[in-house]
Amino acid sequence: MDLSAFSLSGKTLMVTGANTGIGQGIALSIGRAGGRVIGVGRSSMAETAALMAKEGAEFAEVRADLGSTKEAQAMFDAAWDRHGPIDGLVNNAGIIKRVDAVDFTEDDWDAVMDINLKTMFFLAQSMGRKALAGDRPARIVNIASMLSFQGGIRVASYTASKSGVLGITRLLANEWAAKGINVNAIAPGYIETNNTEALRNDPDRSASILGRIPAGRWGVPSDIGDAAVFLLAPASNYMHGAVIPVDGGWLAR
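In structure tokens, the structure reads:
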């Protein structure tokens, strides 16, 4: 096996929501594979930067409000100009609101859809425009969810957004695959992050979730990070519009 097919040496990859959880895990996996990371978010990424430094990996922090499409696109263009051409984009940033469907507000709906789906699309558009204009290959990895396939409970806007992420991943692959841009997705299972803290702290829900996972454990951010490296590296050259479940076997149950 040619291990260089899994190397990101010399590549610059942008990861949104890199301050914690899955985004941090993706950044660290990219760093271990030799890649340089531009981490994007609205809060400090000092912890991620310190962990990347321990890996001997290059990390640049960019602050942006990803709830605003215009700000996100301006951020992308500015990062491209400052840090040089970007080889890959990981659309990881996301939020979740847990409310019964009968009580769900329009504000809760819009806040989640704006970050999880709208900004995801327009950042991908920014990446696509730059790559196509420069006749450059590019990689886009979108973070989907188990709720791209299932309904979930009390997370109406999150379920809608993650179903949309999968659809947009396929649409962009259809448009861009022949033009040298690989667009794929990862669907994380139940991962130990801030977003799942409420579930892990609920004994009944946590037990029912663990009881269905064949692997018998919650995932960790590096499980997603290593899958992202594969989709960003030459090893996945012939993958377009695919979604990789990294779920401990959840969907196989």
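Numbering-wise (the working numbering), the sequence shown opens with residue 325 and increments by one.
All C-beta atoms in this analysis are idealised placements derived from N, C-alpha and C, irrespective of residue type, glycine included.
Report task. Using DSSP bridges, identify the partner residues of Asn508. Result -> The bridge partners DSSP lists for Asn508 are Val465.
Query raised in the report: With respect to the alpha helix (DSSP H) encompassing Leu413, which residues constitute its N-terminal and C-terminal limits?
Result: That residue, Leu413, is in no alpha helix (DSSP H); its beta strand (DSSP E) goes Gly412 to Asn415.
Query - Buried or exposed by the 16-neighbour rule on C-beta atoms within 10 Å, applied to Thr429 - result: The residue in question, Thr429, is exposed, as its Cβ has fewer than 16 Cβ neighbours within 10 Å.
Query raised in the report: If you draw a straight line from the C-alpha of Arg453 to the C-alpha of Glu385, how long is it?
Result: 23 Å
Query raised in the report: Hey, how far is the Cα of Asp547 from the Cα of Ala448?
Result: 23 Å
Query - Straight-line Cα distance separating Ala396 from Thr372 - result: Looking at the backbone, the Cα of Thr372 and that of Ala396 are separated by about 20 Å.
Report task. Determine the DSSP secondary structure at Thr340, reduced to helix, strand or coil. Result -> Three-state DSSP puts Thr340 in a strand.
**Report entry** C-beta atoms of Ile568 and Val507 nearer than 8 Å
**Finding:** no
Query raised in the report: Going by beta carbon distance, what residues of the same chain come within less than 7 Å of Trp578, once the five residues before and after it are set aside?
Result: Residue coverage of the chain in this structure runs from 325 to 577, which leaves residue 578 outside it and unanswerable.
Query raised in the report: For Met444, which of Asp432, Gly359 and Lys394 has the nearest alpha-carbon?
Result: Lys394
Query raised in the report: Do the region 539–556 and the region 354–374 meet, that is, are 3 or more Cβ pairs less than 8 Å apart?
Result: yes
Query raised in the report: Could you give the distance in angstroms between the alpha-carbon of Val544 and the alpha-carbon of Asp571?
Result: Those two C-alpha atoms are separated by around 10 Å.
Requested in this report: Give every residue of the same chain whose Cβ lies closer than 6 Å to the Cβ of Ser487, excluding the five residues on either side of it in the sequence, and list them in chain order.
Outcome: Ser472
Query raised in the report: What are the complete alpha helix (DSSP H) segments, minimum 4 residues, inside the region 375–426?
Result: 393–407
**Report entry** Residue interval of the alpha helix (DSSP H) (run including Ile346)
**Finding:** Gly345 to Arg356
**Report entry** Contact check, Gly341 vs Gly365, beta carbons under 8 Å
**Finding:** yes
Requested in this report: In angstroms with no decimal places, state the Cα-to-Cα distance between Lys442 and Ala381.
Outcome: 31 Å
Requested in this report: Compare the C-alpha of Asn415 against each of Asn466, Ala497 and Ser331 and name the closest.
Outcome: Asn466
Report task. Have a look at Phe400 and Phe383 and give me their C-alpha separation to the nearest angstrom. Result -> 16 Å
Query raised in the report: Taking three-plus beta-carbon pairs below 8 Å as touching, is the region 481–496 in contact with the region 530–543?
Result: no
**Report entry** Endpoints, the alpha helix (DSSP H) within which Gly535 is located
**Finding:** According to the DSSP assignment, Gly535 belongs to the alpha helix (DSSP H) that extends over Pro527 to Arg536.
Report task. Would you kindly work out how many angstroms separate the C-alpha atoms of Leu390 and Pro527, rounded to a whole number? Result -> Between the alpha carbons of Leu390 and Pro527 lies a gap of roughly 33 Å.
Query raised in the report: Are the C-beta of Ser560 and some C-beta of chain B separated by less than 8 Å?
Result: Among the protein chains of the structure shown there is no chain B, as only one such chain exists.
**Report entry** Continuous beta strand (DSSP E) stretch holding Gly476: start and end
**Finding:** Neither: Gly476 is in no beta strand (DSSP E) and is coded neither H nor E.
Query raised in the report: Ile362 bridges to which residues according to DSSP?
Result: Met338 and Ala384
Report task. Return the CA-CA distance between Ala462 and Ile505, expressed in angstroms with no decimal places. Result -> 5 Å
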